[in-house]
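Right, one structure below, let's go through it.
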Amino acid sequence: MARVIGGIGTSHIPQVGVAFDRHLQETPEWREFFAGYVPAQRWLERHRPDVAIVVYNDHGADLFIDKMPTFAVGVADRYPPGDEGWGPRPLPAAHGDPDLAWHIVESLVENEFDPMIAQELAVDHGFLVPMNLLWPGAWPVQVVPIAVNVIQHPVPTALRCYKLGRAIRAAVDSYPLDRKVVVIGTGGMSHQLHGERVGYLSRTFDEFFLDRLETDPLELTQITRRGYMERAGAEAVELIMWLTMRGALDERVERVHRFYMTPVSLSSAGLVVFENAPGAS
Ligand code: DHB
Ligand code: FE
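Our numbering applies: residue 7 is where the sequence shown begins, and numbers increase by one.
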């Protein structure tokens, strides 16, 4: 039987991909940031998941405002890096798990989630930067990318994203093959990339979000999309994807690691690693 062994939430700042490609991890500007991910890398080395379900958003590399699915599930064999405007990054394609991905699609539809089914999908920094940070070498996992619309309003509610996580969990729990699965939610934390409040950050909101994600995620599902944008910057609405990850975990979780740094590029950077609490169901 497949099982969810844990969940990871992380920001997906594109500038980090540039630093990664230029091998700047050990420079004074970047050392502290990259060091924050080492405990997550160690946890992954210890637990060796077979599959990563990566809940992310595309910022226009493949999915954009001309055709924007609210939710999309990748069922492909491989996911090449997309072109974000300066050519695809020099990274290999990520290996898919089409069998699990089709099972997830079928199970989601049974549970009244109706995602777009993507047989071809190029992935951008929303997917690639977390992969680089969590597995800085070759990627030892197969992936199932799940894209969420956080670009074209109306974007889904926080509660809907959390319920998507519950449905993903039901799909994994009903998959007959023996697979260890980690669920990753990317995006955020507080940031705003445009308009009068460009550069707006809120450490207060980010710390509140990290606390509640662990102990009371339902409180976070009650915050409106406008509430996320007003309290933490327009693009902070990306945090609803962390709630999908959290929905795929047990009600009670144990925190393995938490890291926070602000500012990084125009965002606050955050990372959490959760395991299902022992004895809970
Ligand atoms: C930044 C962060 C993002 O999540 C994003 O999608 C684009 C830019 C930033 O901080 O620069
Ligand atoms: Fe983003």
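A virtual CB, placed ideally from N, CA and C, is assigned to each residue, including glycine.
Beta-carbon proximity check, residue i vs residue j, cutoff 8 Å
i	j	result
Leu106	Val57	yes
Gly239	Arg203	yes
Val44	Val187	no
Ala173	Leu114	yes
Ser17	Gly233	no
Leu134	Gly23	yes
Ser208	Arg237	yes
Trp36	Ala25	yes
Phe119	Phe70	no
Met195	Asp212	yes
Close-in-space but distant-in-sequence residues of the same chain around residue i (CB under 8 Å, 5 per side omitted)
i	result
Arg84	Ala99, Ala100, His101 and Gly102
Asp68	Gly88, Leu127, Ala128, Val129 and Asp130
Pro136	Ile14, Thr16, His18, Val60, Tyr62, Ile190 and Thr192
Val270	Ser17, Ile19, Gln21, Val22 and Phe39
Asn282	Val10, Ile11, Gly12, Leu255, Asp256, Arg258, Val259 and Glu260
Rounded distance between the beta-carbons of residue j and residue i, thought under 8 Å
i	j	result
Val189	Ile19	Contact doesn't hold; Cβ gap of about 20 Å is too wide.
Gly132	Asp64	6 Å
Val243	Arg231	5 Å
Gly15	Val278	5 Å
Pro75	Ala144	Pro75 to Ala144, Cβ: 30 Å. No contact.
Pro146	Met7	Not quite, the Cβ-Cβ distance comes to about 21 Å (not below 8 Å), so this is no contact.
Met267	Ala254	With a Cβ gap of about 26 Å, Met267 and Ala254 do not count as contacting.
His197	Leu245	Actually they do not touch by this definition, with Cβ atoms about 10 Å apart.
Same chain, Cβ closer than 7 Å to residue i, five either side skipped, listed in chain order
i	result
Gly80	Gly102, Ala107, Ala124, Leu127, Val150 and Pro151
Ile229	Ala164
Ala176	Ser113 and Asn117
Ser287	Here Ser287 scores only 48 on pLDDT, less than 50, and its place in the model is too uncertain to base an answer on.
Asp222	none
Pro104	Val81, Ala82 and Asp83
Leu226	Ala164, Phe215, Arg218, Leu219 and Leu249
Pro96	Asp27
Ser180	Ser113
Pro284	none
Ile110	Val79, Val150, Ile174 and Ala177
For residue i, the residue or residues it bridges with in DSSP
i	result
Ile14	Ile190 and Val279
Ser273	His197 and Val270
Val259	Asn282
Ala124	Gly80
Pro87	Val129
Ala100	Tyr85
Arg9	Lys186
Lys73	Phe70
Three-state secondary structure assigned by DSSP to residue i
i	result
Ser287	The pLDDT assigned to Ser287 is 48, lower than 50, so where the model puts this residue is not dependable, and the model offers no usable value.
Gly253	helix
Ala82	coil
Glu118	coil
Pro162	coil
Gln148	strand
Gly132	helix
Val156	coil
Gly66	coil
Val57	strand
Arg264	strand
6 Å Cβ shell around residue i - same chain, five flanking residues per side excluded
i	result
Pro86	Ala99 and Ala128
Trp49	Val262 and Val279
Gln6	This structure does not reach residue 6, given that the chain is present from 7 up to 287, and the question cannot be answered.
Phe265	Gly42 and Leu277
Leu139	Tyr43
Pro162	Thr76
Tyr206	Gln198 and Gly239
His53	Ile11
Met122	Pro75 and Ala78
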